[in-house]
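Notes follow the structure.
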Amino acid sequence: MTLDLLTRYPEARVVVLHVIRPIYLGDGLGFAQTAATDAEEQLAREIGQEAERAFTDFASRFEYRTEIGQPAPTICAVASEIGADLIVVGSHGRTAVDRLLLGSVSNGVVHRAKQPVLVVK
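Note that UniProt numbering has the sequence shown beginning at 1, numbered continuously upward.
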């Protein structure tokens, strides 16, 4: 879908954002905290490489970013910072009870964003 939109709208650009949640493990666990952060950073690199491959034909209109923070507010802040016209987020298909207890990144973005939000299953 995104690649089709880039073809149809030559002025469009895509920013793929991966947000790493900060990890708080308490005092004295610096090694465990670093290892968890390293794993997240490795995952972020892998996601970035995959996104770059997917957007090879549109490299001049593609950007991959990694930010550290709470996902929903960070997504909304970056969208405002770059002047995004649309935010696209995925839905993991959680049940209503899961969303009630755990919250949802897509739900948080929908309620915080100043831009239109497209939630994709």
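Here a beta-carbon is modelled for each residue, glycine too, at the ideal position from N, C-alpha and C.
Since we're looking at a predicted model, the values are computed, not measured.
Range of the contiguous alpha helix (DSSP H) that encloses residue i
i	result
Arg-112	105–112
Ile-75	71–82
Asp-4	2–8
Within 9 Å, strictly: CB atoms of residue i and residue j
i	j	result
Val-14	Arg-61	yes
Ile-87	Leu-43	no
Val-109	Pro-71	yes
Gly-90	Arg-21	no
Leu-3	Phe-55	yes
Val-112	Cys-76	Note that residue 112 corresponds to Arg in the displayed sequence, not to Val. Cβ atoms of Arg-112 and Cys-76: closer than 9 Å.
Run of the beta strand (DSSP E) containing residue i, from where it starts to where it stops
i	result
Leu-118	117–120
Leu-17	14–20
Where residue i falls: helix, strand or coil (DSSP)
i	result
Glu-63	strand
Ile-47	helix
Leu-102	The predicted model places Leu-102 with a pLDDT of 49, which falls under 50 and marks its position as unreliable, so this point remains unresolved.
Glu-41	helix
Glu-11	coil
Phe-58	helix
Beta bridge counterpart(s) of residue i as assigned by DSSP
i	result
Ile-87	Val-117
Ile-68	Ile-20
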